[in-house]
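Input: a single structure, listed below in structure tokens.
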Amino acid sequence: MNPPMATMLVEQAAAWILPIAPTGSVTAAWRPFIDPINAHRVWYLLLIPMAWLISMVYKAVRLPDLEKYWRQVTVMSAQIVLWIIALGAGLYVFIQHLAPLITTAR
Amino acid sequence: MDSSTFDPRAHVEFRPQFGLLAYLFPGLGHVAQGQRRRGVLIGTGLLGLFFGGLMVGGIDVVDRREDRLWFFAQGLIGPLAFGVDFLHQHHFKVLEPADPSRRIPAMPRSALPGEVRDPGASFFSVEPPRPAMPDAATGQVPRPPNIKSIAHMNELGMLFCGVAGMMNLIVMIDAAFPRSRRPKGSTA
């Protein structure tokens, strides 16, 4: 892969997350902790770090000993993410398929 | 876990000083009890949530004037939230002049695109905005002090910081009642 191609791919990837124009010119440098990130297309992925950090705090408080701490944190994070996905899927089915049946039945 | 391993007398123990320390800095209450690793993990998680929220939504997500209900939760993280809010209110906002005809008093607000803070203003003063003028040397127009977050980034940023505060309430309770969830003989 030639260097310009690699640079272009990195810029395209960065443009997905950060407010950097994919043309190679930085239109507005992002100021961390001052400006928001531009992750509107992948906002749902922020559930993963949030679940991980919540699990870190909760398990640090709850576990009697911290021997299996990271395993417990991983399990709880996965449980949160999977339950949120299940909740989303359940709501989708209800709104898209069940609610129309209720309204048409009347 | 076997419930018989709990010491029932431990439930009446109350040490408010550790709860206060947990409020002053996330995890400090547990570190002060000698549970250093637990305190460091708690502090890392809580600060990760709080600064993660600032990273996602910018400093705009901590605002006791515009998002008062969220700030009730965010403020539970301790003086850190009040410090960030003070910085936001006094260093990043501009003062919208009063409108006597509509009986609207002067109030701080986020600078709009094309507005900047008064360059002559001191670090912690809220002054009316100035129009952003292009730089004579580079021709670039300066940006506002901060960019206001909208939609998902604003919601998620506030949620990160709010969850950090609410989790710290759990941590404060755990620090103030040191043995309430610990098995007898545990020092972890």
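Residue numbers (this note's numbering), protein chains in the order written: chain A, 12 to 117; chain B, 2 to 189. Heads up, the beta-carbon is just placed ideally off N, CA and C, and yes, glycines get one too.
- Burial is judged here by how many other beta carbons sit within 10 angstroms of a residue's own beta carbon; tyrosine 103 (chain A) has fewer than 16 and is exposed.
- With a minimum length of 4 residues, the unbroken runs of alpha helix (DSSP H) contained wholly in the region 50-96 of chain B fall at 69-75 and 80-88.
- Nearest CB-CB separation between methionine 87 (chain A) and chain B: not below the 8 Å threshold.
- Pairing leucine 98 (chain A) with leucine 96 (chain B), the inter-Cα distance amounts to about 44 Å.
- By DSSP's assignment, isoleucine 105 (chain B) forms a beta bridge with B:Asp100.
- In terms of beta-carbon proximity, tryptophan 94 (chain A) stays away from the interface with chain B, with every pair separated by 8 Å or more.
- Shown here, valine 117 (chain B) sits in a strand according to DSSP, grouped into three states.
- In the DSSP assignment, asparagine 155 (chain B) falls within the unbroken alpha helix (DSSP H) covering 152-177.
- The Cβ atoms of alanine 50 (chain A) and methionine 134 (chain B) do not sit closer than 8 Å to each other.
- Between leucine 42 (chain B) and alanine 165 (chain B) a beta carbon distance of about 14 Å is seen, past the 8 Å cut, so the two are scored as non-contacting.
- With 16 or more other CB atoms across the displayed protein chains lying within 10 angstroms of its CB, arginine 39 (chain B) is buried.
- When DSSP reads this structure, serine 111 (chain B) sits in a beta bridge with B:Lys94.
- Using a CB distance below 9 Å, the part of the region 60-74 of chain A facing chain B consists of Pro60, Met61, Trp63, Leu64, Ile65, Ser66, Met67, Val68, Tyr69, Lys70, Ala71, Val72, Arg73 and Leu74, ordered along the chain.
- The beta-carbon of proline 47 (chain A) is placed less than 8 Å from the nearest beta-carbon of chain B.
- Each of B:Pro146, B:Pro106 and B:Pro132 was checked against the Cα of lysine 94 (chain B), and the nearest Cα belongs to B:Pro146.
- Just so you know, the alpha carbons of phenylalanine 72 (chain B) and leucine 81 (chain B) end up roughly 12 Å apart.
- For the C-beta of alanine 50 (chain A), the chain B residues within less than 9 Å are, from N- to C-terminus, Val57, His153, Met154 and Leu157.
- In chain order, Phe52, Leu55, Met56, Gly59 and Ile60 make up the part of chain B whose C-beta sits under 8 Å from the C-beta of phenylalanine 44 (chain A).
- Not flagged as an interface residue toward chain A: leucine 113 (chain B), since no C-beta distance is shorter than 8 Å.
- DSSP links arginine 131 (chain B) through a beta bridge to B:Val117.
- Rounded to whole angstroms, the gap between the alpha carbons of isoleucine 105 (chain B) and isoleucine 91 (chain A) is 46 Å.
- For the options B:Asn169, B:Pro109, B:Ala138 and B:Val172, the alpha carbon positioned closest to that of aspartate 61 (chain B) is the one of B:Pro109.
- None of the residues of the region 101-115 of chain A has a beta carbon lying less than 7 Å from any beta carbon of chain B.
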